[in-house]
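**Q** Following this message is one structure expressed as structure tokens.
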Amino acid sequence: MTLTAALPGDLGDLLAPYLTRQRWYAGPDELGPGGVSVLETAELCSTGGGSRHLYLALVEAAGSRYQVLVGERPAGEHPELLQGHGDGIIAGLEDRYLYDATIDAELAKELLPIVTGGAEAATRVRPVGAEQSNTSLVYDDRIILKVFRRLVAGRNPDVAVTTALDRVGFTHIARPRGVWRRGDYDLGFAQEFLAGGSEGWALALTSLRDFYNSGLDDPAAAGGDFSMEARRLGAVTAQLHLAMAEAMGVDHDRLVSGRYAAVVSSVRDRLLGVAADGTLPRRRVEVAAERLDAVSRPGPAIRVHGDFHLGQAMRADGGWYVLDFEGEPARPLEERLEPTSALKDVAGMLRSFDYAARFALQERGTAGTESLAAAGAWASHNGAAFVAGYLDQDGIDSLLPPDVDREAVLAAYELDKALYELGYERSYRPAWEAIPLAALARITDRLAG
Amino acid sequence: MSGPPGGVGITGGDPRWFQHAVFYEILVRGFFDANGDGTGDLRGVTEKLDYLQWLGVDCLWLLPFYQSPLRDGGYDISDFWTILPEYGDLADAVELVEESHRRGIRIIADLVMNHTSDQHPWFLESRQDRTNPKADWYVWGDDDTRYAGARIIFVDTEKSNWTLDPQRGQFYWHRFFSHQPDLNYDNPEVADTMLDVLRYWLDIGLDGFRLDAVPYLFEREGTNGENLPETHEYLKRLRKEVDAVYPGRVLLAEANQWPEDVVAYFGDGDECHMCFHFPVMPRMFMAVRREQRYPVTEILSHTPEIPAGCQWGIFLRNHDELTLEMVSDEERDYMWAEYAKDPRMKRNMGIGRRLMPLVDGDRRVAELLHALLFSFPGSPILYYGDEIGMGDNIYLGDRDGVRTPMQWAPDRNAGFSRADFAQLYLPPLMDPVYGYQAVNVEAQLRNPSSQLHWTRRMLEVRRQHAVLGTGSFEVVSAENPSVLAYVRSSPAAAGGSPVDTVLCVCNLSRFAQPAELPLQRWQGKVPVELLGRVPFPRIGELPYFVTLAPYGFYWFEVTGAP
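Quick mapping for you: the protein sequence lines, in order, are chains A and B. Quick note: the first sequence uses the numbering used here, first residue 14, plus one each step. Quick note: the second sequence uses the numbering used here, first residue 14, plus one each step.
Dropping the structure here:
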């Protein structure tokens with residue numbers, strides 16, 4: 014890598030309009046002159062006999078740090094590649110133009126050897142869906158490269174956890190193939206691409222569409238029954254937790270000495286808030302909270318996935334794979350790294366089953382009492398299979414609270430999650446608030462009953 | 014040398030013909046009755062050869078046609094040298110072989126190596142006492158404790174693999190029914206005599222054998238009695254004989270085992286030419302029922318490579334139950350719940366149904382399953398009657414429900430026989446949905462949009478693409494779990510001729526589905542749909558987008574200049 018003077022001196026100002034158009038940009042809608050400061054640039058490579066260039070630019074805007082990969086081609090060379098990628102154009106200069114290099118297959122292809130220190134190379138590359146915090150490129154259907162866009166100092170949690178799990182021999186992840194790091198920042202992460210994989214969410218919807226269409230009451234009787242998959246996903250989740258404990262340790266004190274009580278107290282306060290609207294009976298909330306409080310041994314804490322739902326599980330020929338260990342993006346980094354109960358992930362997945370069932374109902378445009386009962390039946394049938402698969406895993410008991418307290422601890426995290434969902438839905442999708450509300454009613458009922 | 018002994022084989026053909034062949038399984042008893050006695054016969058098969066040639070099958074597989082008391086559909090052979098009189102005589106067999114070959118159709122026959130009927134003269138002699146010349150031809154024991162590690166296969170009827178013979182006062186060993194004693198292959202006389210049996214039938218021109226129940230030939234203490242090294246040794250000996258004297262004939266092994274164990278029956282290309290791939294079959298049904306591809310892609314990804322010159326035999330249905338031995342307990346419960354709703358449909362470890370009733374009579378599903386069968390790695394084996402969508406009768410005993418007479422016409426006895434109805438070996442189907450008035454060859458021949466014509470067209474297209482027989486198999490990733498896409502391709506020949514590539518895209522769901530396929534490696538090429546030869550849009554830089562009708566599928570050729 015060589016420092017280059019080839020990028021224009023006013024790159025920061027040229028980048029401002031481009032930046033504000035990106036999904037991964039988190040600042041104000043407009044950035045005035047000087048709003049983007051360029052911290053560092055480097056030429057990564059050139060192709061086409063030195064006429065096309067790939068640059069790395071690390072910039073700062075509105076207090077956040079970003080990685081921009083700048084492509085450069087001479088003016089007059091009118092490649093198709095910009096068609097339909099208006100958002101990726103940075104600037105047209107007199108003699109050349111600049112654009113987001115991830116849309117240029119020729120340049121993007123060169124990234125892989127750079128990121129992996131020459132260990133990997135590919136003949137083809139294609140971009141896949143843009144995420145909130147990164148851009149992904151797939152090479153030869155074999156390797157996926159995540160280019161981190163919004164940079165946070167220190168190890169990226171996804172890189173750190175995936176690498177640690179790989180080190181202890183946990184195979185149900187996209188195995189690491191290379192980490193691209195510069196200074197204190199992780200810039201990119203190359204992993205095995207799970208060719209032929211589908212998101213758990215898509216599989217669950219396949220099952221649900223079949224079930225709703227069959228007119229049956231019992232999801233176990235439908236051809237598209239998901240419970241075998243749910244059970245296997247439960248087993249893989251338990252294996253994940255055992256690997257997490259092995260790779261990153263077990264903390265036996267944290268929950269006992271206050272962290273669990275803090276979760277319960279926050280759950281109680283928020284539940285009482287909901288009860289104040291009259292949406293939940295106050296008495297039931299109090300009884301439920303007492304039940305949560307009565308837990309004396311909430312179990313050990315481990316590093317967990319933290320944002321576990323059907324979209325983070327991938328089904329491929331080798332079974333289920335777990336992806337994206339960044340934790341809930343909305344929470345601060347320290348909180349995402351904090352060890353907690355393994356049941357937090359179990360709760361997350363149970364909530365995801367509930368959402369999938371209701372989402373598929375919404376899709377069909379039917380929401381009568383009968384179909385709500387069907388959705389509930391699907392979620393609890395598959396939730397039970399998931400939990401059974403989880404608890405059947407040898408050794409998982411050592412990471413869980415004792416039997417008597419298990420249900421209450423799980424309920425505490427389910428409530429925590431559902432309350433978070435309620436806040437989110439009320440802010441962004443009021444039509445959906447019924448989903449977490451129904452869950453709150455059901456779980457408190459279960460605890461109080 | 015003008016050909017093998019007897020001079021009646023198809024000479025000059027490709028010795029690896031079976032890698033591209035479509036097989037057609039015939040129950041002689043149920044196919045066509047030429048002499049009007051109520052039972053199908055060999056001459057009946059000969060009379061229907063023109064139909065089979067028109068349909069486009071390459072090789073017939075005849076279920077056992079040997080002398081037998083018929084307590085197990087002829088798999089209980091009581092004389093290896095004689096044709097069952099109801100089926101005809103040796104002259105009929107020779108005529109059938111010659112007439113088949115004249116039409117370019119090959120013919121293989123079932124052969125049961127593992128056991129005989131308890132009515133076989135060898136057994137009648139063996140059971141008399143412990144010293145007669147055949148005393149050692151079967152596996153005898155003073156008690157029933159040996160080989161305890163061997164499982165019981167017919168769990169519905171058998172309690173032990175040993176049965177006491179009161180005459181000899183000893184127990185005899187049987188892996189299947191108690192009326193089917195296992196031959197003792199440790200006795201060289203038995204091993205030699207069975208080789209003679211093979212030679213005898215190859216000499217009249219048969220193109221090979223389907224070897225029934227091969228994993229169980231030998232017994233050894235402390236093992237499960239399956240896939241023993243001695244068994245492989247013996248099969249290699251058979252193969253050596255075939256290669257030396259009968260080149261171009263084929264040995265097809267029935268070993269109902271996991272693919273990683275079955276591959277052992279290919280040896281290093283020096284054992285059986287073909288083996289059935291059992292586990293893929295129930296999983297095709299499971300994939301469609303669950304509307305997702307993983308049951309199938311999982312098993313195919315666990316299927317090892319096979320030696321060059323070998324081939325899998327794949328099928329949707331056959332004369333046995335839909336076997337569920339090669340699925341997990343959980344999956345078996347699922348399959349029973351989904352496909353055998355009436356307990357009578359359950360048989361041993363499987364489901365006793367024909368294809369069409371299994372898919373609730375949905376022709377779209379039947380066609381999709383056939384499209385998978387014809388494009389998966391292996392040579393497809395059709396079961397007689399499935400080309401017209403015949404049904405079953407689950408109220409008939411044992412496995413007879415799927416062995417009813419072939420439905421040729423809407424006439425008396427389904428056009429199968431001129432005998433009195435009461436004389437028929439089994440009644441033809443007469444229900445309003447699958448009965449012969451509704452489902453028969455004659456009507457479907459007249460209707461160009463019938464399942465029969467569709468099947469014939471598929472076989473025609475398949476024949477034009479050798480890559481569907483021997484090409485590599487690779488799944489193309491689609492995010493949509495209901496879409497199964499895969500590529501069959503063969504590498505460029507040494508002379509630089511173009512790569513032959515067929516892309517198959519299937520919708521396993523009852524709903525229309527989209528798929529975005531990463532086909533960039535063929536950028537610039539134009540996929541041509543094979544059934545209609547319709548060119549599709551050129552493959553570009555972006556994922557290739559297709560939409561599929563419910564249970565729809567495409568076969569694309571992506572060969573040729575960009």
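Note that CB positions come from ideal geometry on N, CA and C, so glycine has one too.
#1: State yes or no: is the C-beta of A:Arg190 within less than 8 Å of the C-beta of A:Ala203?
#2: Evaluate B:Asn426 with the Cβ neighbour count: other Cβ atoms within 10 Å of its Cβ, from every protein chain shown; 16 or more gives buried, anything less gives exposed.
#3: As an exercise, report each continuous beta strand (DSSP E) stretch of at least 3 residues that is fully enclosed by the region 44-79 of chain B, in chain order.
#4: Are the CB atoms of B:Arg119 and B:Leu62 within a distance shorter than 8 Å?
#5: What's the C-alpha gap between B:Asp342 and A:Val400?
#6: CB A:Glu133 to CB A:Thr60, shorter than 8 Å?
#7: Give me the subset of the region 284-316 of chain B whose CB atoms are less than 7 Å from a CB atom of chain A, sorted by chain position.
#8: Are the C-beta atoms of B:Asn5 and some chain A residue less than 8 Å apart?
#9: Whose Cβ in chain A lies nearer than 9 Å to the Cβ of B:Phe558?
#10: Anything in chain A within Cβ reach of B:Val488, meaning under 9 Å, just list it in chain order.
#11: Quick check: what's the CA-CA separation for A:Arg439 versus A:Leu293?
#12: At a Cβ threshold of 8 Å, is B:Ser522 touching chain A?
#13: Could you compute how far the alpha carbon of A:Thr17 sits from the alpha carbon of A:Ser354?
#14: Name the chain B residues that come within less than 7 Å of A:Leu216, Cβ to Cβ?
#15: Comparing C-alpha positions only, which one of B:Leu73, B:Lys172 and B:Ser91 sits nearest to B:Leu109?
#16: Taking 8 Å as the threshold, find out whether the region 397-415 of chain B comes into contact with the region 476-493 of chain B through three or more Cβ pairs.
#17: Counting pairs of Cβ atoms below 8 Å between the region 243-255 of chain A and the region 386-405 of chain A, do you hit three or more?
#18: Where does B:Met126 land, buried or exposed, given buried means 16+ other C-beta within 10 angstroms?
#19: DSSP three-state label for A:Thr176, please.
#20: Please report the straight-line C-alpha distance between B:Phe93 and B:Leu224, rounded to a whole angstrom.
#21: Nearest-angstrom Cα distance between A:Glu351 and A:Glu259?
#22: Measuring alpha carbon to alpha carbon, tell me which of A:Ala274, A:Gly324 and A:Ala329 ends up nearest A:Arg304.
#23: Within 8 Å of any Cβ in chain B, is that where the Cβ of A:Gly223 sits?
#24: Roughly how many whole angstroms lie between the Cα atoms of B:Gly20 and B:Glu455?
#25: Got a sec? Which residues, its chain only, sit under 6 Å from A:Gly371 by beta carbon, not counting five neighbours each side?
#26: In the DSSP assignment, what are the bridge partners of A:Leu164?
#27: With a threshold of 16 other CB atoms inside 10 Å of the CB of B:Ala525, please say whether the residue is buried or exposed.
#28: Taking the C-alpha atoms as reference points, what is the distance between B:Tyr447 and A:Ser365?
#29: Between the Cα of B:Met294 and those of B:Glu473, B:Val309, B:Gln464 and B:Gln420, spot the shortest distance and give me the residue it belongs to.
#30: Excluding the five sequence neighbours on either side, which residues of its own chain have a C-beta within less than 6 Å of the C-beta of A:Gly436, listed in chain order?
#31: When DSSP labels each residue in this structure, what does B:Pro18 get in the three-state scheme?
#32: If you measure beta-carbon to beta-carbon, which residues of the region 96-130 of chain A are closer than 8 Å to chain B?
#33: Using the three-state DSSP reduction, which class does A:Ala444 fall into: helix, strand or coil?
#34: In angstroms, rounded to a whole number, what distance separates the CA positions of A:Asp358 and A:Thr136?
#35: Could you tell me which of B:Pro563, B:Gln80, B:Val515 and B:Leu103 sits nearest to B:Ser130, measuring between CA atoms?
#36: What did DSSP end up calling A:Ala55 once you bin it into helix, strand or coil?
**A** Let's see:
#1: With respect to A:Ala203, A:Arg190 sits close: the two C-beta atoms are nearer than 8 Å.
#2: B:Asn426 sits buried, since 16 or more C-beta atoms from the chains shown fall within 10 Å of its C-beta.
#3: Correct list: 72-75.
#4: In this structure, B:Arg119 does not lie closer than 8 Å to B:Leu62 by Cβ.
#5: Using only the alpha carbons, I get a separation of about 20 Å.
#6: Going by C-beta atoms, A:Glu133 is not nearer than 8 Å to A:Thr60.
#7: Against chain A - using a Cβ distance shorter than 7 Å - the residues of the region 284-316 of chain B are Arg302, Arg303, Glu304, Gln305, Tyr307, Thr310, Glu311 and Ser314.
#8: Since the displayed chain B opens at 14 and closes at 575, residue 5 of chain B lies outside it and no answer follows.
#9: Those within 9 Å of B:Phe558 in chain A number zero; the least Cβ separation is about 13 Å.
#10: The contacting residues are Ala208, Gly209 and Asp330.
#11: Put simply, the backbone Cα of A:Arg439 is about 16 Å away from that of A:Leu293.
#12: For B:Ser522, the closest Cβ of chain A is nearer than 8 Å.
#13: With a pLDDT of only 43 at A:Thr17, under the threshold of 50, the placement of this residue in the model should not be trusted; the figure read from the coordinates follows. Their Cα atoms are separated by approximately 49 Å.
#14: Ordered by position in chain B, the residues that pass the 7 Å Cβ test against A:Leu216 are Gln305 and Pro494.
#15: When B:Leu73, B:Lys172 and B:Ser91 are compared, the shortest CA-CA separation from B:Leu109 is found for B:Leu73.
#16: The region 397-415 of chain B is not in contact with the region 476-493 of chain B.
#17: Segments in contact, yes.
#18: B:Met126 should be labelled buried.
#19: Reduced to three states, the DSSP call for A:Thr176 is helix.
#20: C-alpha separation (whole angstroms): 14 Å.
#21: The straight-line gap from Cα to Cα measures roughly 16 Å.
#22: Of the candidates A:Ala274, A:Gly324 and A:Ala329, the one whose C-alpha sits nearest the C-alpha of A:Arg304 is A:Ala274.
#23: Residue 223 of chain A is actually Asp in this sequence, not Gly. With 8 Å as the cut-off, A:Asp223 counts as an interface residue toward chain B.
#24: Any reading at B:Gly20 needs caution, since the residue's pLDDT is 42, under 50, leaving its predicted position unreliable; the model's value is listed next. When rounded, the distance between both Cα atoms is 36 Å.
#25: First, the residue type needs correcting, since residue 371 of chain A is Arg and not Gly in the sequence shown. Closer than 6 Å at Cβ, skipping near neighbours: Ala388 and Ile448.
#26: A:Leu164 has A:Arg78 as its beta-bridge partners, per DSSP.
#27: With fewer than 16 other CB atoms across the displayed protein chains lying within 10 angstroms of its CB, B:Ala525 is exposed.
#28: In this structure, the CA atom of B:Tyr447 is about 44 Å from the CA atom of A:Ser365.
#29: Of the listed residues, the one whose Cα sits closest to B:Met294 is B:Val309.
#30: Cβ neighbours of A:Gly436 beyond the five flanking positions: none.
#31: Low per-residue confidence applies at B:Pro18: pLDDT is 42, beneath 50, and the placement is therefore not dependable enough to give any value.
#32: Residues passing the 8 Å Cβ filter: Ala118.
#33: Shown here, A:Ala444 sits in a helix according to DSSP, grouped into three states.
#34: Straight through space, the alpha carbons of A:Thr136 and A:Asp358 are spaced by roughly 38 Å.
#35: Distances from the alpha-carbon of B:Ser130 to those of B:Pro563, B:Gln80, B:Val515 and B:Leu103 put B:Gln80 closest.
#36: Reduced to three states, the DSSP call for A:Ala55 is strand.
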